[in-house]
Every structure is written in structure tokens, then in C-alpha cells.
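Below is one structure; the comments refer to it alone.
Numbering (my numbering), first residue to last: 4 to 116.
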């Protein structure tokens, strides 16, 4: 069961998130906020009709969800990614995303037997 009711858009980088935040402000979006989930960095907002919109980019890390730290997009890309990696590595569920994906595929293949 999930209570998530939103539309999400993936972007290629942090600069895209910064630009979309500014554009959203000028176009009437409200409740704009940033969250760092560790495995993704997201900007959330309500569109003019009150629908939740998420714009995000993936990171190369995996940590169990839910997880959400405040996001300060005024920091440099390097600062944001360094802080993200530091927080993720402290989480007991941390894995590099490629390792988590490989483990997931192995477990999924075993479940098919």
C-alpha cells in the first residue's frame, strides 16, 4: 500500500533541479522543497491545481527508504554529492547502487526457482 500520489520527472543533474525550482516559482508552484533521499535528490512542489510533482536525479548509492534530509541547492554540486555519500555510508543499509542491483537480481532469480 502506498499513499504516494504524484508525478515524477527525472533530470540529468543538480543544475536542472536548480533551474526547475526557479521556473516553478515563477509559474505558480507552491510548497517547493528539496529533499535528499540518499539514493535520489529531489525537489517537490504543488502545481497550480494542487497536484504533487517531484523532479529528481538518481545517485550512485542505495540506502533503505524512507529517508529524507533537507536539500540546500545553493551548495556546489561537489558539496552536495560529498555530503550525500557521507550520509549514505553511515547508514547500515548502504551499498553502491550497482552492487545493490546485482544483489537484487540474484535474489529475484532465486525466487523464481
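Cβ coordinates follow ideal geometry from the N, Cα and C atoms, glycine included.
Which residue's Cα is closest to the Cα of residue 95: 50, 27, 30, 68? Among 50, 27, 30, 68, the Cα nearest to that of residue 95 is on 68.
Which partner residues of residue 58 appear in the DSSP bridge assignment? According to DSSP, which records beta bridges pairwise, residue 58 is partnered with 12, 46.
Could you check which residue in 87, 80, 13 has the C-alpha nearest to that of residue 70? The shortest C-alpha separation from residue 70 is found at 87.
Suppose you measure from the CA of residue 11 to the CA of residue 72; what does that come to, to the nearest Å? One C-alpha to the other measures close to 19 Å.
Nearest-angstrom Cα separation, counted from residue 39 out to residue 25: One alpha carbon belongs to residue 25, the other to residue 39, and they sit about 18 Å apart.
Test item: CB-CB of residue 98 and residue 55 under 7 Å: Cβ atoms of residue 98 and residue 55: not closer than 7 Å.
Return the first residue and the last residue of the beta strand (DSSP E) that residue 92 is part of. No beta strand (DSSP E) contains residue 92, which is instead part of the alpha helix (DSSP H) from 80–93.
In the DSSP output, which residue or residues are listed as bridge partners for residue 68? Answer is none; residue 68 lacks a bridge partner.
Let me know if residue 29 comes out buried or exposed under the rule of 16 or more other beta-carbons within 10 Å of its beta-carbon. Around the beta carbon of residue 29, fewer than 16 other beta carbons sit within 10 angstroms, so the residue counts as exposed.
Whole-angstrom Cβ separation of residue 49 and residue 33, contact assumed at under 8 Å? Between residue 49 and residue 33 a beta carbon distance of about 5 Å is seen, short of the 8 Å cut, so the two are scored as contacting.
Cβ shell of residue 31 (< 6 Å), same chain only, five flanking positions each side left out: Within the same chain, residue 31 has close Cβ partners 51.
Can you tell me which of the three DSSP states residue 36 falls into? It is a strand residue.
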